[in-house]
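Q: Heads up, the sequence shown is in the working numbering, so the first residue is 2 and it goes up one at a time. Let me begin by handing over the structure; questions about it come next.
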Amino acid sequence: MSNKHGRRGFFKEALSQILQPVAEILEKPDPAIVEMPAAMLLRPPGALPEEEFLEKCLRCGNCVKNCPAEAILPLESDDPGLMQTPYINPTLQPCVICDSLACMYVCPSGALQSVFAEDIAMGIAVFTADTCLRSKEITCTYCVDSCPIGEDAITFSPTGLVEVLTPGCTGCGVCQHVCPTSPKSIVIEPLR
Numbered sequence: 002m003s004n005k006h007g008r009r010g011f012f013k014e015a016l017s018q019i020l021q022p023v024a025e026i027l028e029k030p031d032p033a034i035v036e037m038p039a040a041m042l043l044r045p046p047g048a049l050p051e052e053e054f055l056e057k058c059l060r061c062g063n064c065v066k067n068c069p070a071e072a073i074l075p076l077e078s079d080d081p082g083l084m085q086t087p088y089i090n091p092t093l094q095p096c097v098i099c100d101s102l103a104c105m106y107v108c109p110s111g112a113l114q115s116v117f118a119e120d121i122a123m124g125i126a127v128f129t130a131d132t133c134l135r136s137k138e139i140t141c142t143y144c145v146d147s148c149p150i151g152e153d154a155i156t157f158s159p160t161g162l163v164e165v166l167t168p169g170c171t172g173c174g175v176c177q178h179v180c181p182t183s184p185k186s187i188v189i190e191p192l193r
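Right under this line is the structure:
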């Protein structure tokens with residue numbers, strides 16, 4: 002009898018260990034629909050200043066549907082003023098500043114204005130040395146190697162740490178996307 006109870010206990014424990022990670026994944030919110038403070042929302046390229054953007058945006062979804070990188074998402078929010086407005090979460094998928102810049106051209110309201118690729122300024126990359134692998138003497142070059150702008154936007158300082166060059170950074174979020182640390186050692190702060 003005790004042997005049978007032991008087997009039952011063993012299988013119960015094994016099943017619990019298998020299902021626990023699954024339960025944790027299911028409990029985690031979808032990062033695409035996590036509530037974000039309005040001040041931290043990264044808008045698509047060519048977006049008007051936030052207040053004006055919110056007034057003009059029709060929430061039509063044209064920019065979302067036409068983004069070839071699938072970087073633009075409709076915001077899920079309890080705030081009706083923000084609900085369904087387009088934003089970019091670079092951790093999920095950064096803006097790649099595509100050749101077509103389709104999001105700007107399909108916007109019927111003018112909430113997204115047409116600008117040249119070199120004039121795009123969605124945000125600025127902000128580097129945190131404390132969490133960066135390079136500050137722990139681990140050679141990591143993902144953010145610098147992956148930047149579509151290159152050394153005009155991000156480079157290494159003479160001390161070997163990451164240095165963001167404000168005039169060149171578009172705020173596309175590629176650096177944030179590829180950063181392997183948690184929390185991210187480089188994140189995009191929207192320009193406001």
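Here a beta-carbon is modelled for each residue, glycine too, at the ideal position from N, C-alpha and C.
Going by CA-CA distance only, name the one from 47, 122, 59 and 109 that's closest to residue 154.
A: Nearest of 47, 122, 59 and 109 to residue 154, Cα basis: 122.
Q: So the alpha helix (DSSP H) residue 116 belongs to, where does it begin and stop?
A: No alpha helix (DSSP H) contains residue 116, which DSSP labels as neither H nor E.
Q: May I ask you to verify whether the segment 129 to 144 touches the segment 73 to 90, counting CB pairs closer than 8 Å and requiring at least 3?
A: Contact between the segment 129 to 144 and the segment 73 to 90 is absent, because fewer than three Cβ pairs lie under 8 Å.
Q: Mind checking which residues open and close the beta strand (DSSP E) that includes residue 126?
A: 124 to 128 is the extent of the beta strand (DSSP E) around residue 126.
Q: Specify the secondary structure class of residue 189 as computed by DSSP and reduced to three states.
A: Reduced to three states, the DSSP call for residue 189 is strand.
Q: Taking the C-alpha atoms as reference points, what is the distance between residue 66 and residue 160?
A: Each residue's alpha carbon lies about 43 Å from the other.
Q: For residue 165, write down the residues that DSSP places opposite it in a beta bridge.
A: 155, per the DSSP bridge assignment.
Q: Tell me the residue span of the alpha helix (DSSP H) that contains residue 59.
A: Looking at the DSSP string, residue 59 is not in any alpha helix (DSSP H), and its letter there is neither H nor E.
Q: With DSSP run on the structure shown, which of helix, strand or coil describes residue 134?
A: Note: residue 134 maps to helix in three-state DSSP.
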